Amino acid sequence: MSDKITVGISSCLLGEKVRFDSGHKQSTYVNKELRDYFDFVSVCPEVGMGLPVPRPTIRLMSNEERIALVDTKDETKDHTDGMMQFTTQKVAELEDTEMCGYIVCAKSPSCGMERVKVYTRGHARTDGVGLYTQHLMKRMPWLPVEEDGRLNDPVLKENFITRVFGLKDFYESMGGEPTAGKIVAFHSRYKLTLMAHDPQSYKELGRLVANQADYDPADFYKAYRLGLMEGLKNRASRKNVTNVLMHIQGYFKRSLNKDEKAELARVIDEYRTGLLPILAPLTLLKHYLSTYPDDYLAQQKFLQPHPEEMRLRYGL
Ligand code: SF4
């Protein structure tokens, strides 16, 4: 892929001093590892809606009618309408772009993706979503969204980055002019990836692709994009990945000698039982693929869903 990937981000995670106390929440992973690959679109919804820096802290408050964004120390100061006005306009802008992911700051009443505190008469429950991010996820349900803290988890991180690169690949493959043929070709390249993440999604998307004639082309494009991104959201389980590895193994049954076959079977089995990381069977399979080339396998995204230098599969 040529260009960097466009990804939205809460400004404070980039180190911008936009928080209520004039501080930031710079994420080392974002700034050290992701900047080489991602072009960040920085958004601070609170500053964007006109709140100053520094500013009084705000929080979500639930009353009978709605969840409101209010000053922590003076609940009569209600910022909900201002936030929704900014949010609606900003998200509408983003919807028209080919943004491929979004990293939000955890716990914030504006940016948090989950488990944000919502207060009712002094008590807090922790099932809220920041108002900006809630609207973003509602309007762009296909968009990979993740929180800074969750990116410390190797499984969640790999899943998020796979989705971001997958969406970028999808947009690039369509080249701004999606056609049924391009989607069919894309679907074929993502067969093993989808089988690893969610075999059910692969089947459902296959049905969608087979019945594309029943759809308006724009609706088909949107339905495929959403189904793809929902499918990839599922964690690629060891069981599903083992099935995929065994499927790939089948492509080499005529090329490998007895010892090579036994070694490959052993490495796949040791991955299945957790003794080896995914990288072990993948490295061996890629070695066999370079020795015994196969066009269909070579184009499977499963073998390289993101750049190797990102080292995302090391711990899996
Ligand atoms: S969490 Fe969101 S609203 Fe708060 S400072 Fe960061 S970018 Fe701004």
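Just so you know, our numbering puts 8 at position 10 of the sequence shown, and the rest follows in order with no gaps.
Built from N, CA and C at the ideal position, the CB exists for glycine as well.
Note that the coordinates shown come from a computational prediction; the quantities given were computed from them, not determined experimentally.
Would you mind working out which of the options sits nearest residue i, comparing C-alpha positions?
{"i": "Ser106", "options": "Thr124, Glu96, Asp34 and Gly99", "result": "Thr124"}
{"i": "Leu49", "options": "Trp140, Lys259 and Asp69", "result": "Asp69"}
{"i": "Pro291", "options": "Glu258, Phe250, Asp267 and Asp146", "result": "Phe250"}
{"i": "Tyr35", "options": "Met308, Gly313 and Leu314", "result": "Met308"}
{"i": "Glu96", "options": "Gly164, Gly128 and Pro43", "result": "Gly164"}
{"i": "Lys141", "options": "Gly147, Val5, Met82 and His245", "result": "Note on residue identity: the sequence assigns Leu, not Lys, to residue 141. Checking every option, the nearest Cα to that of Leu141 belongs to Val5."}
{"i": "Gly120", "options": "Asp76, Gln132, Lys71 and Lys155", "result": "Lys71"}
{"i": "Glu175", "options": "Asn157, Glu62 and Pro215", "result": "Pro215"}
{"i": "Val242", "options": "Glu44, Tyr188, Thr74 and Asp37", "result": "Tyr188"}
{"i": "Thr78", "options": "Glu93, Asp94, Phe218 and Asn61", "result": "Asn61"}
{"i": "Arg236", "options": "Val182, Arg223, Val207 and Gly313", "result": "Gly313"}
{"i": "Leu287", "options": "Asp257, Arg252 and Arg270", "result": "Arg252"}
{"i": "Tyr222", "options": "Leu203, Asp212 and Ala234", "result": "Leu203"}
If you measure between the beta carbons of residue i and residue j, is that distance less than 7 Å?
{"i": "Gln297", "j": "Leu190", "result": "no"}
{"i": "Val162", "j": "Cys98", "result": "yes"}
{"i": "Ala194", "j": "Val265", "result": "no"}
{"i": "Gly46", "j": "Phe18", "result": "no"}
{"i": "Asp196", "j": "Asn255", "result": "no"}
{"i": "Val102", "j": "Arg137", "result": "no"}
{"i": "Val153", "j": "Met111", "result": "no"}
{"i": "Thr160", "j": "Pro303", "result": "yes"}
{"i": "Leu192", "j": "Gly229", "result": "yes"}
{"i": "Ile3", "j": "Lys166", "result": "yes"}
{"i": "Lys15", "j": "His22", "result": "yes"}
{"i": "Glu44", "j": "Ser108", "result": "yes"}
{"i": "Met59", "j": "Leu129", "result": "no"}
{"i": "Arg311", "j": "Leu273", "result": "no"}
{"i": "Arg57", "j": "Tyr117", "result": "yes"}
So the alpha helix (DSSP H) residue i belongs to, where does it begin and stop?
{"i": "Lys237", "result": "Arg236 to Gly248"}
{"i": "Asn220", "result": "In the sequence under discussion, the amino acid at residue 220 is Lys, which differs from the Asn named in the question. That run of the alpha helix (DSSP H) goes Pro215 to Lys231."}
{"i": "Arg328", "result": "This structure gives no information on residue 328, because the portion of the chain shown stretches from -1 to 314."}
{"i": "Arg161", "result": "Pro152 to Met172"}
{"i": "Ala178", "result": "Ala178 to Arg187"}
{"i": "Met81", "result": "Thr78 to Glu93"}
{"i": "Tyr294", "result": "Asp293 to Ala296"}
From what residue to what residue does the beta strand (DSSP E) around residue i run?
{"i": "Leu273", "result": "Segment: none, Leu273 is in no beta strand (DSSP E) and carries neither H nor E."}
{"i": "Gly204", "result": "From DSSP, Gly204 is part of no beta strand (DSSP E) but of the alpha helix (DSSP H) over Pro197 to Ala208."}
{"i": "Leu67", "result": "Ile65 to Asp69"}
{"i": "Lys115", "result": "Val114 to Thr118"}
{"i": "Arg123", "result": "His121 to Gly126"}
What residues in its chain sit with their C-beta under 6 Å from that of residue i, if we drop five residues either side in the sequence?
{"i": "Met(-1)", "result": "Only weak support exists for where Met(-1) lies, its pLDDT of 46 falling under 50; the value from the coordinates is given anyway. Contacts found: none."}
{"i": "Pro305", "result": "none"}
{"i": "Ala178", "result": "Gln210"}
Once the 5 residues before and after residue i are set aside, which same chain residues still bring their CB inside 8 Å of it?
{"i": "Leu282", "result": "Glu261, Leu262 and Val265"}
{"i": "Glu145", "result": "Ile101, Val102, Cys103, Ala104, Gly110, Met111 and Glu112"}
{"i": "Asp76", "result": "Ala66, Leu67 and Val68"}
{"i": "Val127", "result": "Gly110, Met111, Glu112, Val114 and Met135"}
Measuring only from the beta carbon, is residue i closer than 6 Å to any heavy atom that is part of the ligand SAH?
{"i": "Cys103", "result": "With respect to small molecules bound, the structure shown includes the ligand SF4 and not the ligand SAH."}
Grab me the residues of residue i's own chain with a C-beta within less than 7 Å of its C-beta, minus the 5 sequence neighbours each way, in chain order.
{"i": "Met244", "result": "Ile266"}
{"i": "Cys10", "result": "Val16, Arg17, His22, Lys23, Cys42 and Cys103"}
If we require 4 or more residues per run, which alpha helix (DSSP H) segments fall completely within the stretch 24 to 71? The qualifying runs are 43 to 46.
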